[in-house]
Amino acid sequence: MKKNLALIIFNFLILSGCSLFQSDDNDDENNRNLAIAAYYLSQQSSTGCTYSVTSTSTTTSTGKFTVVDTAQSTCYNSTSGATTTCSAGGTGSQDGYYSGANATTNTKTPSYTKSSDSTTVTDNNTGITWTQSPDTNGDGSINVSDKMTQLAAYNYCASLTKGGFSDWRLPSVKELYSLMNFGQGRDPSSCSNCTSSTLSGKTFLNDSVFAVGFGDTSASERLIDGQYATTSVYGGKIFDKDWGVFGVNFVDGRIKGYECSATKTYFVLCARGNTDYGLNNFTDNGNGTITDSATGLMWQKADSAVAKSFDEGLTYCENLSLGGQTDWRLPNIKELNSIVDYSRAPDYATNSGPAINSIFTVSTITNEENISDYPWYWSSTTHIACSTSSNDCSTGDSGSAGAYQTFGRALGYYTNAVQDVHGAGAQRSNNKTIALANSTAGASSTSAGNGTFYYWGPQGDVLRGANYVRCVRN
7 MKKNLALIIF NFLILSGCSL FQSDDNDDEN NRNLAIAAYY LSQQSSTGCT
57 YSVTSTSTTT STGKFTVVDT AQSTCYNSTS GATTTCSAGG TGSQDGYYSG
107 ANATTNTKTP SYTKSSDSTT VTDNNTGITW TQSPDTNGDG SINVSDKMTQ
157 LAAYNYCASL TKGGFSDWRL PSVKELYSLM NFGQGRDPSS CSNCTSSTLS
207 GKTFLNDSVF AVGFGDTSAS ERLIDGQYAT TSVYGGKIFD KDWGVFGVNF
257 VDGRIKGYEC SATKTYFVLC ARGNTDYGLN NFTDNGNGTI TDSATGLMWQ
307 KADSAVAKSF DEGLTYCENL SLGGQTDWRL PNIKELNSIV DYSRAPDYAT
357 NSGPAINSIF TVSTITNEEN ISDYPWYWSS TTHIACSTSS NDCSTGDSGS
407 AGAYQTFGRA LGYYTNAVQD VHGAGAQRSN NKTIALANST AGASSTSAGN
457 GTFYYWGPQG DVLRGANYVR CVRN
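In terms of the numbering used here, the sequence shown has 240 at position 234, counting the first letter as 1, and numbering is strictly consecutive.
Here it is as structure tokens:
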């Protein structure tokens, strides 16, 4: 019966001219069709996910994928984690250096306009309008009762009427990630007495503009369970066996893949406008560089070919001469995420490979599981954390961790096995050197066929103090 219903829905979609497998410009009729189809799918699905892996990652449009700046304006010593002077040409050429007076022309300072009734927010850079709060049940509080499965979130946005508009959608991971703020955000993962109050002004979403959802500790959630739903279903398998979907966490500042489960729920922000956002327009320039006309960025076609520490990655890009250009730099994490292709995954039968367009050249590695894989890549962005000297994040910061983007499997050592715990396309962080990564407080070590490695956290995130590098310029 379920199979027959799925075929009926598929034929309905084809006849109605819409598709669950493509990111096309949507009109109101298409949105209604998608909502109806998703509703029927939800009646037959106990998994809580749409199962629609986005197949379109490119566009012919130009200039519609504005990379909003991370808002990080401080630089940090990679060993001590203390603030340091931002400077050109070496290890001071971090994300914080390319802000303010040195801001690059393709990235824009975050800028928002609230509606007169404060129920919606327009991003003045991306052209996307957002719902202002994840208070989906409208009771004035944000807690576990506002969370939904990914499929319920999809249906909620598709049927929403707010601000006089009915063309709302559940955002893609790239759309939602455009709101990430690494200048304000402080990772509270190791904070023992943090609360939503002590983290006011320290979330990875501008909480002077948006209401932010924290994990509901009264319902046995962790404070950091602030994941928001997206449409970006993972083509591989989370924990090597489960369908997954990417969520954006504005409390701890990460993107991770989660199992498609009837019990896994998320906060929800709905979006409308600029349906080209997150789609790339690549051109191979034939000189070792790739231009993305959607973002205005030029990329190194190949990568560094070897893993480097955070500081080595900064210096490598600052010293690179390629394609007749010398003003290369290590990309910030939002720039790096802009070239992730969420339609690809190493274990995805339909579109197998690293989570990046095949126009790029990607090194292959043998990972901790002793199988062929693709690297993780450093950004120039520090993933600032609450200082371990403060148990409520009230004093001090730690800048010893760098944000990295996975293009290969986001590995963890979980239930005594190396697994793809968060999906290729996840954004995580760890300490900026091998020595510091291996000495992370609470980390453990093991071997799974390719030497000793260290892991940490609830899903046993594998720690690598050396990652690959792909440089960028305007």
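Every residue gets a Cβ at the ideal spot worked out from N, C-alpha and C, and that includes glycine.
DSSP lists Thr90 as the beta-bridge partner residues of Cys81. Rounded to the nearest angstrom, the Cβ distance from Leu328 to Thr297 is 13 Å, too far for a contact under 8 Å. Residues of the same chain with a CB within less than 6 Å of the CB of Gly87, apart from the 5 flanking positions on each side, are Ser404, Gly405 and Ser406 in chain order. Here the C-alpha atom of Gly402 lies approximately 16 Å from the C-alpha atom of Ser79. In the structure shown, Ser151 adopts helical secondary structure according to DSSP, grouped into three states. At a cut-off of 3 residues, the continuous stretches assigned as beta strand (DSSP E) that sit fully inside the region 299-340 are 303-306. Between Cys323 and Thr91, the alpha-carbon positions lie close to 19 Å from each other. Look at Tyr183 here: in three-state DSSP terms it is helix. Residue environment for Ser310: buried (at least 16 other C-beta atoms within 10 angstroms of its C-beta). Counting along the chain, Leu157 sits inside the alpha helix (DSSP H) bounded by residues Gln156 to Ala164.
Rounded to whole angstroms, Ser453 and Ser435 show a C-alpha spacing of 21 Å. Using a 10 angstroms sphere on the CB of Pro464, the tally of other CB atoms stays under 16, which defines it as exposed. Linking Phe210 to Pro140 through their CA atoms gives a straight-line distance of about 15 Å.
In terms of Cβ geometry, Thr356 and Gly284 do not form a close pair [threshold 8 Å].
In this model, Ala441 and Arg470 are separated by some 10 Å (Cα to Cα).
When only Cα atoms are considered, Gln233 and Gly330 end up about 43 Å apart. Contact between Ala277 and Thr135 holds, with the beta-carbon distance rounding to 7 Å and staying under 8 Å. If the five residues before and after Thr204 are omitted, its C-beta is found closer than 7 Å to the C-beta atoms of Asp398, Cys399 and Ser400, all from its own chain and listed in chain order. Taking the Cα positions, Ser63 is about 44 Å away from Ser395. Pairing Ile339 with Thr76 gives a Cβ-Cβ distance under 8 Å. Bridge pairing for Leu229: absent [DSSP]. Residue burial is scored here from C-beta neighbours: Ala423 has fewer than 16 other C-beta atoms within 10 angstroms and is therefore classed as exposed. DSSP places Asn255 in the uninterrupted beta strand (DSSP E) bounded by Asp248 to Asn255. By the Cβ criterion, the region 189-205 is in contact with the region 249-264, since at least three pairs of Cβ atoms, one from each stretch, lie closer than 8 Å.
Non-local C-beta neighbours of Gly431 in its own chain, meaning closer than 6 Å and more than five positions away in sequence, comprise Val346, Tyr348 and Ala361, ordered along the chain. The C-beta separation of Thr367 from Lys307 comes to about 6 Å, placing the pair in contact by the 8 Å criterion. Gly455 is positioned such that its CB atom lies no closer than 8 Å to that of Asn325. In the DSSP secondary-structure assignment, Thr115 is not bridged to any residue. DSSP places Asn437 within a strand segment (E or B) once states are collapsed to three. Burial state of Asp129 is buried, judged by a 10 Å Cβ sphere holding 16 or more other Cβ atoms. Measuring C-alpha to C-alpha distances from Asn286 to each of Val59, Gly69, Ile371 and Gln138 identifies Gly69 as the nearest. When the Cα atoms are used, Ser84 and Asp317 turn out to be separated by approximately 7 Å. Taking C-beta separations shorter than 7 Å and ignoring five residues to either side along the sequence, the partners of Pro337 in its chain run Ser385, Ser386 and Val478, following chain order. Counting of Cβ neighbours within 10 angstroms places Val312 among the exposed residues, the total staying below 16.
Shown here, Asn444 sits in a helix according to DSSP, grouped into three states. Here Asp248 has Glu265, Cys266 and Ser267 as same chain residues with Cβ atoms under 8 Å from its own Cβ, once five neighbours each way along the sequence are excluded.
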